[in-house]
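Have a look at the structure below before the remarks.
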Amino acid sequence: MLRGESLAAVRGDRRLFAELNFDLQAGEMLYVGGPNGSGKTTLLRMICGLVLPVAGRVLWGGEDIQSLDDAYRADLLYCGHHTALKDDLTGLENLRFASMLGGRPVNEDEALAALERMGMFEVADLPARVMSQGQKRRVNLARLLLTRARLWVLDEPFTALDAAAVEALRATLADHLRAGGMLVLTTHQQASFDGITVRHVEMGQ
Amino acid sequence: MRGPGLAGIVGGVIVRDLTLAGRRPVDVMTAVIFFVIVVSLFPLAVGPESRTLATIAPGVVWVAALLASMLSLGRLFNADYADGTLEQMLLAPQPLSLIVLGKVAAHWLVAGAPLVLISPLLGLQFGLPAEGLAMLALALLLGTPALSLVGALGAALTIGVRGGGALVSLLVLPLCVPVLIFGAGAVEAAVSGMDAGAHLSLLGAFLVMALCFGPWVTAAALRIALD
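Sequences listed follow chains Y and R, in order.
Just so we're aligned, residue 1 is where the first sequence starts under this note's numbering, counting upward by one.
Just so we're aligned, residue 1001 is where the second sequence starts under this note's numbering, counting upward by one.
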């Protein structure tokens, strides 16, 4: 489904990686490892189409994502370094606007249910300004419960989460993979799921 | 699949940005108060000679409107860029140009429409006749959306640049000269009893052109800025 063919990236005049290949099928996870600054985030943004590869291409269902454009983005959900929350909006408003932008508007009840499953019901009416970093993360990750995207690209999703939230997120990711979804992940945490094929890409070698 | 229609996404983005503006009313008021103060300075500085004032009124109001709309441009994309929501907009399955259109429309409603509404009141300070006041508001109604559309392109090109505010003005102000000329020209024509139709037509043409190409070019600039 998702293929990277001899991808290369350059930042400034430094080559981050070259001749990078991967292949990911439905129900599989791609683990992107490597030290800080080795280009993990750049690779993830490239998979999302935010960064153009200087060489090679990313294929989705056999077609270049550059030509698929909007159709590819409907299948894609990306959580990057930023929590992507507006400080002046409440947790509920943030989640609803994010879902609207993601192409699947949800009503208030659906959004509240997702926040509750993330254990964030109490911040639904609080502006993101007063939330802790971990709470912001969890509100942002509540999008995972509402999306229909088949490909999830998550950049360090476990950062700032407490032990219970890490377990809840792992369960959500496992459900997604078992339902035939795909996952691209960078993390410094241990990340493997029973019965799920994990492909590895090691950066900085 | 149940997804927002094309109009739905534009409307959704407008609601989002208006909600955000409502949470920070001071930011909104700054541009409007700036407009009022700059326009009001001229009668004080030039003196109460009513013929001089009526002559300079169209130009003064239009230049002030141009500067006031530059003030708020810096926030158009930079805030969304800083917190990562702009990245999510680029990843939305809907065309990015529609999201840009929604953001520009919200920007105009917050920063442009109040100028249109308040301009006849400011025109009174300059002793503009009734037909001049009406024409001033009408010309601003056609011109300020074009300023927002052109300004959005400048804002997209200067995302993440330090001191981007001044740079936006340098990029955008020259492009706004046609709007300024025909906008002020329409009011002058109305005051001197001539037909302002030609000026208004050209203003309208500029607006239509900005509406057709602006969001599209701005979307391309955003994709480059976030690469």
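Beta carbons: idealized from backbone N, C-alpha and C, even for Gly.
Query	Result
Under 7 Å, Cβ to Cβ, is there at least one residue of chain R near Met131(Y)?	no
Compute the distance between the beta-carbons of Gly1151(R) and Val1013(R), then report whether it is under 7 Å.	no
By Cβ distance, which residues of its chain are closer than 6 Å to Arg1002(R), with the 5 residues on each side in sequence left out?	Caution is warranted here: a pLDDT of 43 is assigned to Arg1002(R), below 50, making its placement in the model unreliable, and the coordinate value is therefore given only provisionally. The answer is none, since no qualifying residue turns up.
In terms of DSSP beta bridges, what is Cys79(Y) paired with?	Leu154(Y)
Between Ile65(Y) and the rest of its own chain, which residues show a CB-CB distance below 6 Å, the 5 nearest in sequence each way excluded?	Gly49, Val58 and Tyr72
Could you confirm whether any beta carbon from chain Y is found closer than 7 Å to the beta carbon of Pro1058(R)?	no
Span of the alpha helix (DSSP H) holding Val106(Y)?	Premise fails: Val106(Y) is in no alpha helix (DSSP H) and is neither H nor E.
Which two residues bound the contiguous beta strand (DSSP E) that contains Met46(Y)?	Per DSSP, Met46(Y) belongs to no beta strand (DSSP E); it is in the alpha helix (DSSP H), Lys40 to Cys48.
Distance check for Leu1098(R) and Gly1214(R), CA to CA, integer angstroms please.	11 Å
If you reduce the DSSP assignment to three classes, tell me which class Phe193(Y) lands in.	coil
Which value, in whole angstroms, describes the spacing of the CA atoms of Phe1182(R) and Ala1105(R)?	22 Å
What residues in its chain sit with their C-beta under 6 Å from that of Glu1131(R), if we drop five residues either side in the sequence?	Ala1190
Is Gln135(Y) buried or exposed, if buried means 16 or more other CB atoms sit within 10 Å of its CB?	buried
Run through DSSP, which three-state label would Gly1008(R) get?	helix
Check whether the region 144-158 of chain Y touches the region 184-194 of chain Y, taking contact to mean three or more Cβ pairs, one atom from each stretch, closer than 8 Å.	yes
Please state the DSSP three-state secondary structure of Arg1002(R).	Only weak support exists for where Arg1002(R) lies, its pLDDT of 43 falling under 50; the coordinates are left without a value.
Here's a check: name, in chain order, each residue in its chain whose Cβ is nearer than 8 Å to the Cβ of Leu1203(R), leaving out the five neighbours to either side.	Ala1139, Leu1142, Gly1143, Ala1146, Val1179, Phe1182, Gly1183 and Ala1186
Determine, using beta carbons only, whether Arg1016(R) comes closer than 7 Å to chain Y.	yes
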